[in-house]
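Below: the structure, in structure tokens.
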Amino acid sequence: MNPIFGAGPSLPLRFFFAFVISVITITTDVYTDSSKQIRTYLNTLVAPIQYLASLPQDAFDAMAKYAASKQSLLDENEALRKLQLLQNQKLQKYDMLKAENDKLRALLTTNPRAESTKEVAEVMAVASNPFTQSVVVDKGSSNQAFEGQPVLDDLGVVGQVVSVGNTTSRILLLTDQTHALPIRVLRNDVRGILQGTGNINRMELLNLPHGTDVKVGDRLVTSGLGEVFPEGYPVADVIEVQPDVTKPFMRVIAKPVAQVDRIKHILLLWDEGQREEMK
Amino acid sequence: MIKLFRSSWWFITISVLIALVLSIMPLPLEIKAWRPDWLAMVIIYWTIALPHRVNIGTAWVVGFMLDILLGTVLGIHAFAMALVVFVTASNFQKLRNFSVWQQAALIGVFLLLYHMVIFWLNRFLVQINFSLDLLYPAFTSALIWIWLFPVMRGYRRRFKVR
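Heads up: the sequence lines are chains A and B, in that order.
Each residue of the first sequence is one higher than the one before, counting from 31 in my numbering.
Each residue of the second sequence is one higher than the one before, counting from 40 in my numbering.
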């Protein structure tokens, strides 16, 4: 038999070391900003494991695609063609409206709205811890992704990038309970802050005084005040208003527009020229 | 001696990597909450079998990797893993002499502790609420242990990991 604890420090001492190092890493991570850079390296280091873990799902998806019948592909193609036609028609109107809007803004001597650069990223099939709502995507700092970057899907705001690796990054979903973003009501420009609750279908408007004009069915869009999300993207729809006067504030529940629970492809957003600067 | 040292580490690393992949593999929503703690179990097995190879230090490093992969605050899983391995390593000779069923029951208890520690630390750092499904993995792990223990033992003997 090997002299097991003959060499090296005793067990309680080892555990004490582990305890001290844990306290150091936890405090560094929570209370300082220095862990951002370290996390980038660490995320890069573990990326192969994440790619490995998502392999079976990717293979399964590829197989499903391969096995799809010709008829279903033709049907899908037809449906997409129709959709494209409709969207192109909308886009024509959009171009016209945008030109008009720029002219009007010029008359008011305000700057025209900036265009943003976008890139599609795919959500990787890896699980995250059950306490936070986050997903890992397959774009990282080598694609100029950065911390605090706004993330959308085809319907609305999804969340923001919280940590970046070389080829992967982690996105905090807007329904996470540590996430909040400034919004306004599309109908009447009432401003507010929308916080996640940890539930995928519920978000809450914070500190809204009684009598504020918010109704069920109102669309909430980003107000651009937090300087993370650009202005005007759809965020959530109000589904419940409880004007309980015994409480200090009105309770307003909203449901995110983006399909947060089944996202596969997302869009990373850059301000005009920002991406080129980072290259 | 050096060669032996290297090859043993190699096989331990492979088993740990497989456990890491299994811990972040996507699962259907219905059974997601029941995911067994593959990594903790593999580390506990190696601690019982080869305490001079895998001990608190290894457990901490491996737990730290899990922290990175799961996106938790760095150090939470690392500390919980080190604590569980501390308890295991203090009793490894007793554990070796238990039957698989007794071991499974004890591993279940250790993993309850593991999950409670992770919950407490998370509760302290991020606002979260307790729900019973946080403890489900301890039960599935205890059941899986009955199968995993002979498999790991076979693996150790087949490749002469010492």
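Yeah, the Cβ is synthetic: ideal placement off N, Cα and C, and Gly gets one too.
Owing to the predicted nature of the structure, the values given are computational and were not obtained by experimental measurement.
- Tyr153/B sits buried, since 16 or more C-beta atoms from the chains shown fall within 10 Å of its C-beta.
- By the Cβ criterion, the stretch 108 to 115 of chain A is not in contact with the stretch 266 to 279 of chain A, since fewer than three pairs of Cβ atoms, one from each stretch, lie closer than 8 Å.
- Comparing C-alpha distances from Ile223/A to each of Leu85/A, Ser253/A and Pro286/A shows the shortest one belongs to Ser253/A.
- Under the 7 Å criterion on CB atoms, Ser46/B is classed as non-interfacial with respect to chain A.
- When the five nearest sequence neighbours on each side are left out, the beta carbons in the same chain lying within less than 8 Å of the beta carbon of Leu151/B are those of Leu174 and Ala177, in order along the chain.
- Contacts between Trp99/B and chain A, judged by CB atoms closer than 8 Å, involve Ala48, Ile51 and Ser52 in chain order.
- Pairing Ala288/A with Gly186/A gives a Cβ-Cβ distance under 7 Å.
- Taking 8 Å as the upper bound for CB-CB distance, Thr197/A and Ser172/A are in contact here, some 6 Å apart.
- Take the alpha-carbon of Phe90/A and the one of Tyr96/A: they are about 10 Å apart.
- CA-CA distance, Thr62/A to Thr52/B, rounds to 32 Å.
- It is roughly 27 Å from the alpha-carbon of Glu307/A to the alpha-carbon of Asp125/A.
- Look at Ala155/A: its C-beta is under 7 Å from a C-beta on chain B.
- DSSP, read as helix, strand or coil, puts Glu69/B in helix.
- For the options Ser158/A, Asp248/A and Thr205/A, the alpha carbon positioned closest to that of Pro65/B is the one of Ser158/A.
- Asp106/B is positioned such that its CB atom lies closer than 7 Å to that of Ala117/B.
- Within chain B, the residues whose beta carbon sits less than 8 Å from that of Ser164/A are Gly110, listed in sequence order.
- Listed by position along chain A, the residues whose Cβ is nearer than 7 Å to that of Ile107/B are Leu72, Asn73 and Val76.
- With three or more CB-CB distances shorter than 8 Å, the stretch 188 to 207 of chain A counts as touching the stretch 161 to 171 of chain A.
- A residue is called buried once 16 or more other Cβ atoms fall within 10 Å of its Cβ, and His295/A, having fewer, is exposed.
- Taking the CA atoms as reference points, Glu234/A sits about 10 Å from Gln207/A.
- Among the residues facing chain B, Asp59/A is included, as its CB has a counterpart in that chain under 7 Å away.
- Per DSSP, Glu145/A lies in no beta strand (DSSP E) segment and is marked neither H nor E.
- Partner residues in a beta bridge of Gly262/A, as assigned by DSSP, do not exist.
- In this structure, Pro90/B keeps its C-beta atom at 7 Å or more from the C-beta atom of Phe125/B.
- A straight line joining the alpha-carbon of Pro180/A with that of Gly303/A spans about 15 Å.
- Lys133/A: member of the alpha helix (DSSP H) spanning Lys100 to Leu137, first to last residue.
- Taking 7 Å as the CB threshold, Ala117/B lines the interface with chain A.
- The C-beta distance from Met120/B to Ala181/B rounds to 17 Å, too long to fall under 8 Å, and the pair is not in contact.
- Listed in chain order, the beta strand (DSSP E) runs fully inside the stretch 167 to 229 of chain A are 180 to 182, 187 to 194, 199 to 203, 210 to 215 and 221 to 226, counting runs of at least 3 residues.
- In this structure, Val244/A sits away from Gly262/A, with a CB-CB distance that is not shorter than 7 Å.
- DSSP places Pro75/B outside any alpha helix (DSSP H), giving it a letter other than H or E.
- In the DSSP assignment, Leu299/A forms a beta bridge with Lys148/A.
- Val153/A sits in a strand when the DSSP states are folded into three classes.
- A straight-line Cα-Cα distance of about 56 Å links Pro75/B and Asn141/A.
- Proximity to Arg214/A across Ala266/A, Thr227/A and Ala48/A peaks at Ala266/A, based on C-alpha coordinates.
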